[in-house]
Structures are given as C-alpha cells and as structure tokens.
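Going line by line, the protein sequences match chains A and B. Going by our numbering, the letters in the first sequence line up with residues 1 to 110, in that order. Going by our numbering, the letters in the second sequence line up with residues 1001 to 1114, in that order. In this text, a Cβ means the ideal position worked out from N, Cα and C, and glycines have one as well. Keep in mind the model is a prediction, meaning the values are calculated, not measured. Down below is the structure, laid out as structure tokens.
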Amino acid sequence: ETGVTQTPRHLVMGMTNKKSLKCEQHLGHNAMYWYKQSAKKPLELMFVYSLEERVENNSVPSRFSPECPNSSHLFLHLHTLQPEDSALYLCASSRGGEQFFGPGTRLTVL
Amino acid sequence: SQKIEQNSEALNIQEGKTATLTCNYTNYSPAYLQWYRQDPGRGPVFLLLIRENEKEKRKERLKVTFDTTLKQSLFHITASQPADSATYLCALAHGSSNTGKLIFGQGTTLQVKP
C-alpha cells in the first residue's frame, strides 16, 4: 500500500452520466495529481494541486473538472464523457520529488 | 518539442543477467529524473531519483546513471529475478516548479525468464 487510496476501482458510465472519482492521501503531502493512462500511451498529466494552487493542463477537456477541498482529498468530476475517455485514471501525491500513486480507477465509457 | 523515449519493445532476459533500460530525452533540462515500476492494473511505484548534478545512484540491485550531455539515463537491474518482470517508467521533472510536475515516458516492459 502506498498510502494513496482511490475509489471506485472500476467505473462504467454512459456518455450522459455524471460521476466523480475520489482520491485520498494521509501522507502529509502538499501536492496532488490526476493522470490519465491509456493503452500504449505514456501517463498524461491532467491536473496538479500544490499548496492550494491549481495547475491545469490546457489540453484537458472541460468535461473533466477537478476539486481539491483540502490537502488530503482530490476529486475528479466527470460529465458527458466520450468513449475515448475510457482509461485508467491515477491519482498521486508528493511533497516534492517522488510521487506516490494510488491503484487507479479503471473507467469505461459506453 | 519536448520528447521522452524509452525502448518500446519488450526486453526479455534470462534470470541472473543484468537488465539495462534506456531513457532518452530531447528539448528538456530536467532538474531531476525518476524511475518507476508499474505492474499490470496497478499504479506506478517509485524506485529511484537522480539529480542533474549526480552521475550515478544505487539502491540494492538497482543502478541509475544520468548523462545530461547525452540527455540519457540508463537503468540497470543486476542479478535479475522473475519478480523483476514489470513495466519500468522514466519520468523527468518538468521545469523547476515546486509543483513537482513530471513528464513520463511510455515505459519499457521487462520480462525475466527463469
């Protein structure tokens, strides 16, 4: 266990659904991240929260909306997704330097 | 444009041999470079970090080198074991930001045969 948990582990949703992914860390880290991992492609950084500052990847569609209510929790709100958004969504946290990853949420959009 | 390249083909070696994985990058000046291990269906696990002013770093059977002139890092696993079979990811620090942003390579899959 890395100290970073993600729920749910698997999610199947239709294109008109709204769902949220949750990430939690109790490592005392001050930065949290969302990544997307598609088959045969590198991890793509989606969002970063650091010291309450959000750094957003400009290529992330608005149908993905992050929320970081405190330093231990991170959410990714999903709405009107497309089939090509199906992937493994990974959360990570760090204090600078190495990142600690959660197990990921396997998302399938029908 | 910025680019990170790892051997896309799987690396197959015999147990007991040394595995060497390569990470090349262009148009970066990373403050540090990291290596992660990822098993199927799981998140990456941090292995080693090497800074731009370090040439080599070791941890048990693992060794990482960092050549900022060649823009290359080599990752070695000595006395490899079947349990070392996994995908290994190279990641570069993106700028000097305190946000710790990393850019990942696509990974190299290592298969160690008994």
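Thinking S62 (chain A) and V4 (chain A) are a contact (beta carbons under 8 angstroms), I'd like their distance in whole angstroms, please.
Along the first sequence, read from residue 1 onward, the residue named residue 62 (chain A) stands at position 62. Along the first sequence, read from residue 1 onward, the residue named residue 4 (chain A) stands at position 4. The pair is not a contact, with the Cβ atoms about 26 angstroms apart (cut-off 8 angstroms).
Which of the residues in the segment 76 to 110 of chain A, read from start to end, lie with their CB under 9 angstroms from any CB of chain B?
Contact annotation: in the segment 76 to 110 of chain A, residues whose CB is within less than 9 angstroms of a CB in chain B are L88, L90, C91, A92, S94, R95, G96, G97, E98, Q99, F100, F101, G102, P103, G104, R106.
List, in order along the chain, the chain B residues whose C-beta lies closer than 7 angstroms to that of K41 (chain A)?
Numbered from 1 along the first sequence, position 41 holds the residue referred to as residue 41 (chain A). Ordered by position in chain B, the residues that pass the 7 angstroms Cβ test against K41 (chain A) are Q1106.
Could you tell me the alpha carbon to alpha carbon distance between S1080 (chain B) and N17 (chain A), rounded to whole angstroms?
Here residue 1080 (chain B) corresponds to residue number 80 of the second sequence, with the count starting at 1. Here residue 17 (chain A) corresponds to residue number 17 of the first sequence, with the count starting at 1. Distance between the alpha carbons of S1080 (chain B) and N17 (chain A) is about 46 angstroms.
I'd like to know if the segment 1063 to 1080 of chain B and the segment 63 to 79 of chain A are in contact, where contact means that at least 3 CB-CB pairs between them fall below 8 angstroms.
Output reads no: the segment 63 to 79 of chain A does not touch the segment 1063 to 1080 of chain B.
Give the straight-line distance between the Cα atoms of L1047 (chain B) and T1087 (chain B), rounded to the nearest whole angstrom.
Here residue 1047 (chain B) refers to the residue found at position 47 when the second sequence is read from its first residue. Here residue 1087 (chain B) refers to the residue found at position 87 when the second sequence is read from its first residue. So the alpha carbons of these two residues sit roughly 12 angstroms apart.
Can you tell me where the beta strand (DSSP E) with S72 (chain A) in it begins and where it stops?
As a first step, residue 72 (chain A) is located in the first sequence; it is residue number 72 there, counting from the start. First-last for S72 (chain A): undefined, no H or E at that position.
List the residues of chain A whose Cβ lies closer than 7 angstroms to the Cβ of P1135 (chain B), in chain order.
Nothing about residue 1135 (chain B) can be read from this structure; chain B reaches only from 1001 to 1114.
For E1015 (chain B), which three-state DSSP category applies?
Residue mapping note: residue 1015 (chain B) aligns to position 15 of the second sequence, counting from 1. In this structure, E1015 (chain B) counts as coil in the three-state DSSP scheme.
Alpha carbon to alpha carbon, how far is T108 (chain A) from F64 (chain A)?
Looking up residue 108 (chain A) in the first sequence gives position 108. Looking up residue 64 (chain A) in the first sequence gives position 64. Distance between the alpha carbons of T108 (chain A) and F64 (chain A) is about 15 angstroms.
Within the continuous beta strand (DSSP E) that includes L11 (chain A), where are the two ends?
Working through the first sequence from its first residue, we reach residue 11 (chain A) at position 11. Per DSSP, L11 (chain A) belongs to the beta strand (DSSP E) from 10 to 13.
Which runs of the alpha helix (DSSP H) at least 4 residues long sit entirely within the segment 1068 to 1101 of chain B? Give them in chain order.
none
Kindly say whether R1058 (chain B), judged by its beta-carbon, lies nearer than 9 angstroms to any beta-carbon of chain A.
As a first step, residue 1058 (chain B) must be located in the second sequence, where it is residue number 58. Answer no: the Cβ-Cβ gap between R1058 (chain B) and chain A never drops below 9 angstroms.
Ignore the nearest five residues each way along the sequence and tell me which others in T1065 (chain B)'s own chain have a CB closer than 6 angstroms to its CB.
Numbered from its first residue, the second sequence carries residue 1065 (chain B) at position 65. Result list for T1065 (chain B): E1056, L1074, in chain order.
Please list the terminal residues of the continuous beta strand (DSSP E) segment that includes V60 (chain A).
In the first sequence, counting from the first residue as 1, residue 60 (chain A) sits at position 60. Per DSSP, V60 (chain A) belongs to no beta strand (DSSP E) and is neither H nor E.
Hey, is S50 (chain A)'s beta-carbon within less than 9 angstroms of any beta-carbon in chain B?
Residue numbering aside, residue 50 (chain A) sits at position 50 when the first sequence is read from its first letter. Cβ-Cβ to chain B under 9 angstroms: yes for S50 (chain A).
If you compare alpha carbons, which of A:S59, A:Q37, A:E67 is closest to R106 (chain A)?
Stepping through the first sequence from its first residue, residue 106 (chain A) is reached at position 106. The residue with the shortest Cα to Cα distance from R106 (chain A) is A:Q37.
Would you be able to state if there are at least three C-beta pairs under 8 angstroms between the segment 45 to 53 of chain A and the segment 1007 to 1025 of chain B?
no
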